[in-house]
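Chains as they are written, first to last, in the working numbering: chain A, 384 to 498; chain B, 15 to 129.
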Amino acid sequence: QQQVRQSPQSLTVWEGETAILNCSYEDSTFNYFPWYQQFPGEGPALLISIRSVSDKKEDGRFTIFFNKREKKLSLHITDSQPGDSATYFCAASEGTGGLSGKLTFGEGTQVTVIS
Amino acid sequence: GALVYQYPRRTICKSGTSMRMECQAVGFQATSVAWYRQSPQKTFELIALSTVNSAIKYEQNFTQEKFPISHPNLSFSSMTVLNAYLEDRGLYLCGARMTSQNTLYFGAGTRLSVL
């Protein structure tokens, strides 16, 4: 059973548009949700994260919207740039400490920004 | 910022042989390290979670006999893939976590090819 689901699998937007990436999860004990950005040939890099006590987190052009009741969250990339073309992974974990709790990943959304 | 170095970046081994990969945390203390394998389809599988001075916890389908891990101090971890076969191919990622944080910082990975 896939604990973290992402949609769409791939997404193409024009430069300047807003890309919207969706994520949903099953386990209600998940309380920490990082998004990772991965370019070909590289490891995933932390982009932005949110805890379940918040419903929105913004960092520059990247914003997470979180709906705890529906167990859904989304990543919005505003003013998309060609350099944003990458695969984006939604992940989730439980626990508050750094000594335990595994990170469960979604299957990723491949974003292509066309100029 | 937190940096995680993995080496080698790429390796090719003959079927049935073993290879060791290393993970170095720079600029922070990696209290726990998570080893993942990313498939060619980009899905993540957690292999094991290693915490300094605690037993290493392996996920289902992964064993210490196949993927022995060493985590001797707060800046270094290594994992060996023993008796590698085609199904072991993939990108092996080391994610290091700071004390009291949920965030995993990943290295660029070691890409394993098996002939």
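No residue lacks a Cβ here, since even glycine has one placed at the ideal position from N, Cα and C. Keep in mind it's a predicted model, so treat the numbers as computed, not measured.
Item	Value
Rounded straight-line distance, which links the Cα of threonine 117(B) to that of asparagine 87(B)	19 Å
Proximal residues of chain A, C-beta to C-beta of alanine 48(B) below 8 Å	Lys485, Leu486
Residue of Thr492(A), Leu486(A), Gln464(A) minimising C-alpha distance to alanine 62(B)	Leu486(A)
Chain A within 8 Å of glycine 123(B), Cβ atoms only	yes
Neighbourhood of glutamate 490(A) by C-beta distance below 7 Å, restricted to the same chain and skipping five residues each side	Gln389
Sequence-distant residues of its chain with Cβ nearer than 7 Å to alanine 469(A) (five each side left out)	Gln420, Gln421, Phe422, Val494
DSSP-derived helix/strand/coil call for arginine 388(A)	strand
Residues in the stretch 422-440 of chain A having any Cβ partner in chain B nearer than 9 Å	Gly424, Glu425, Gly426, Pro427, Ala428, Leu429, Ser432, Arg434
Beta-carbon proximity of alanine 110(B) to valine 47(B), cut-off 8 Å	yes
First and last residue of the uninterrupted beta strand (DSSP E) at asparagine 405(A)	402-408
8 Å Cβ cutoff met for phenylalanine 448(A) and aspartate 438(A)	yes
Beta strand (DSSP E) segment containing glutamate 36(B), residue limits	33-40
Chain A within 8 Å of tyrosine 72(B), Cβ atoms only	no
Alanine 475(A) versus serine 432(A) - alpha carbon distance	10 Å
Given serine 84(B) as reference, the closest of Thr25(B), Tyr19(B), Trp49(B) once Cα atoms are compared	Trp49(B)
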